[in-house]
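Reviewing the structure listed below.
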Amino acid sequence: MPLLSLPSLCRSLPLLLLCLLVSAGCASQKAGLKSPELPPRHWLDEAPGVPVEHKAKLDAVVPNLYDPAKRFSFEDCVYLTIQQSPLLVNSAVEIEIKRVALTSAAWQYLPEPRMVFTVSNNLTRRNMGHNDTPSDYGRPKLDVGFYADFPNPVETYFTHKVRQVMVNLAISTHRKAVGEAIYKIAQSYLKLQAQREIIAAQKSLLPLHKKLLDYWHQVENVEGRQGVALNLATQHQRELELTVEQSVMEEIMERTQLKMLAGVDPKQRLNVDSGQVHEILGNFNGRNLDWSQRWPATEDELLLRSQILLGDFEIMVAWAQYVPDMTISINKNPPAGQYQPADGKEDFFLHLNFNFPLLDWGRRYRDVQTARMTKAKAFHELAHKRTEYSNQWLRAEQAVALAETRLKLAKTRLDTAELQYTEARIAFEQGTTELPELNNRNEAMTQARIAHIEAELNCRLANLDWMYLAGLLQERFLGLPAKELL
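In the numbering used here, the protein residues as written are 2 to 487.
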């Protein structure tokens, strides 16, 4: 194939650049049409430190998602959330990104060979009339050469270590996000069960209050009153009905929040089985635990220790900048003293270059000092988080003690209200008191029962918060953090 002359090459160069731009634009449009693919459905199988013995339960949740008879227990909802919750997508994708970066770091151990094409031609032909000019003087020439940068071995090794730690950090971060989702699901289940009990207690007031309305109808018909008592009773009946309607709407909102957390369409029916909420806490008693023993079992402690290890590797990466760069190239550029004669043939030469940094005005040292300070920051952050964890443990213990005291107080008030109602019922049966008094005592007892349900819910939520802080709630599904990754 004949070589292009310089004028024709100059004319074809803009067309070539235009073709490259068009092809790049088409490639970018094609890439933008398709959304990024998510990790595999059971990507947890590939995550170190996450147990996979629950895979059968993970598989069993989604196929029955649209079954009207399906009742989702707490465990079912947790596995459903792990499968498809939108809150967990980002951290799951981040694991895949870090793993790709780890693979790229492993390939950086090898040099990247390049082939260099050089097209050259004379801009001037001032030696055209000389006798010793070569026969191809003034013609376009095409030279082919090879070039490769050898990676810095120290920097490449510790960069690979950094990428390994980054993968572990991504896994721990995702496990922490999953644990937070489990905590929110447990809260929703406890609230839903308490809300159902509250609605049942509120609805129990409606039949007796309807009897009270009939009572005031009869009294006013007999005694000829002005209807004030009946109007008040009617207004109170409407208030009770609106209270029930409000509680039902609160239950619907809590259920909708649970659907969004699990990644289910809010319009879809999600039959939640909250009858076994006592199994969520089990036999948990935070007073039997020691915070100093639970702190090493948390994801935060693993994340912070990984940050310190990452700081060590970053320091070595900074020191590796002092290692000289080495390149190897093969071309027809002769070194001094080895020029070929005018009528000879061109030789290929091997060039091995070492690039030593002599004076960088302290840039590399400053990078090392920055890496050292970053590690020191991570070390002090670990100490700070440990102290903060102990303070959170103390606050959780105090919150549980306060909730238990309020529960005892609510139980005492409930017992008192039940005794007063029993007294009023006996008096009503004996004819010494009237129906309005019995209704007032019954309503007071019901309000005391609702207050007891709310106090019991707050006590359970306080224990759940303590259980989540201790790491036992998420440990039930995820196991202990993978300490061996460090």
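Using N, Cα and C, we set each Cβ at its ideal position, and we do this for glycine too.
Note that the structure is a prediction, hence the values are computed from the model and not measured.
Interface flag, residue i vs chain D, CB-CB below 7 Å
{"i": "Val120", "result": "No chain D is present in this structure, which holds just one protein chain."}
Nearest-angstrom beta carbon gap, residue j and residue i [assumed within contact, 8 Å]
{"i": "Asn332", "j": "Gly130", "result": "Not really, about 30 Å apart at Cβ, beyond 8 Å."}
{"i": "Gln194", "j": "Ser74", "result": "About 12 Å separates the two Cβ atoms, so there is no contact after all."}
{"i": "Leu415", "j": "Arg450", "result": "6 Å"}
{"i": "Thr82", "j": "Leu262", "result": "6 Å"}
{"i": "Ser173", "j": "Leu304", "result": "5 Å"}
{"i": "Ala400", "j": "Asp466", "result": "7 Å"}
{"i": "Ile281", "j": "Ala187", "result": "5 Å"}
{"i": "Tyr323", "j": "Arg373", "result": "In fact, because the Cβ distance is near 15 Å, the residues do not count as touching under 8 Å."}
{"i": "Leu206", "j": "Leu458", "result": "20 Å between Cβ atoms; not a contact."}
Simplified DSSP state of residue i, which is helix, strand or coil
{"i": "His131", "result": "coil"}
{"i": "Ser121", "result": "strand"}
{"i": "Val163", "result": "helix"}
{"i": "Phe73", "result": "strand"}
{"i": "Phe285", "result": "coil"}
{"i": "Glu389", "result": "helix"}
{"i": "Val273", "result": "strand"}
{"i": "Gly180", "result": "helix"}
{"i": "Gln399", "result": "helix"}
{"i": "Asp215", "result": "helix"}
{"i": "Pro112", "result": "coil"}
{"i": "Val168", "result": "helix"}
{"i": "Gln100", "result": "The amino acid at residue 100 is misidentified as Gln; the sequence shows Arg. Note: Arg100 maps to helix in three-state DSSP."}
{"i": "Phe314", "result": "helix"}
{"i": "Asp416", "result": "helix"}
{"i": "Arg197", "result": "helix"}
{"i": "Pro87", "result": "helix"}
Closest Cα partner of residue i within the set the options
{"i": "Val79", "options": "Gln399, Pro482 and Glu476", "result": "Glu476"}
{"i": "Arg302", "options": "Arg442, Pro482, Met116 and Trp320", "result": "Here residue 302 turns out to be Glu, not Arg, going by the sequence shown. The shortest C-alpha separation from Glu302 is found at Pro482."}
{"i": "Phe355", "options": "Ile329, Asp137, Pro267 and Thr125", "result": "Ile329"}
{"i": "Asp499", "options": "Tyr158, Asn132, Leu439 and Phe118", "result": "Any property of residue 499 remains undetermined from this structure, which presents the chain solely from 2 to 487."}
{"i": "Glu198", "options": "Lys177, Glu252, Leu170 and Arg164", "result": "Glu252"}
{"i": "Ser92", "options": "Ser105, Asn123, Leu207 and Gly180", "result": "Gly180"}
{"i": "Lys507", "options": "Ala402, Arg127, Gln308 and Tyr190", "result": "Residue coverage of the chain in this structure runs from 2 to 487, which leaves residue 507 outside it and unanswerable."}
{"i": "Gly139", "options": "Gly283, Asn128, Asn132 and Asp133", "result": "Asn128"}
{"i": "Thr160", "options": "Leu103, Ser189 and Asp215", "result": "Leu103"}
{"i": "Lys212", "options": "Leu231, Gln196, Ala202 and Ala201", "result": "Leu231"}
{"i": "Glu95", "options": "Ala171, Glu315, Gln238 and Asn272", "result": "Ala171"}
{"i": "Met167", "options": "Glu389, Met468, Glu444 and Leu311", "result": "Leu311"}
Identity of the residues DSSP links to residue i by a beta bridge
{"i": "Thr299", "result": "In the DSSP output, where bridge partners are listed per residue, Thr299 has none listed."}
{"i": "Gly146", "result": "Val117"}
{"i": "Phe151", "result": "Met327"}
Which ranges does the beta strand (DSSP E) cover as unbroken runs of at least 3 residues, wholly within the stretch 316 to 384, from first to last along the chain?
326 to 332 and 350 to 356
Which complete alpha helix (DSSP H) runs does the stretch 219 to 267 hold, if anything under 4 residues is left out?
229 to 263
Every unbroken alpha helix (DSSP H) within the stretch 420 to 461, with a cutoff of 4 residues, ordered by chain:
none
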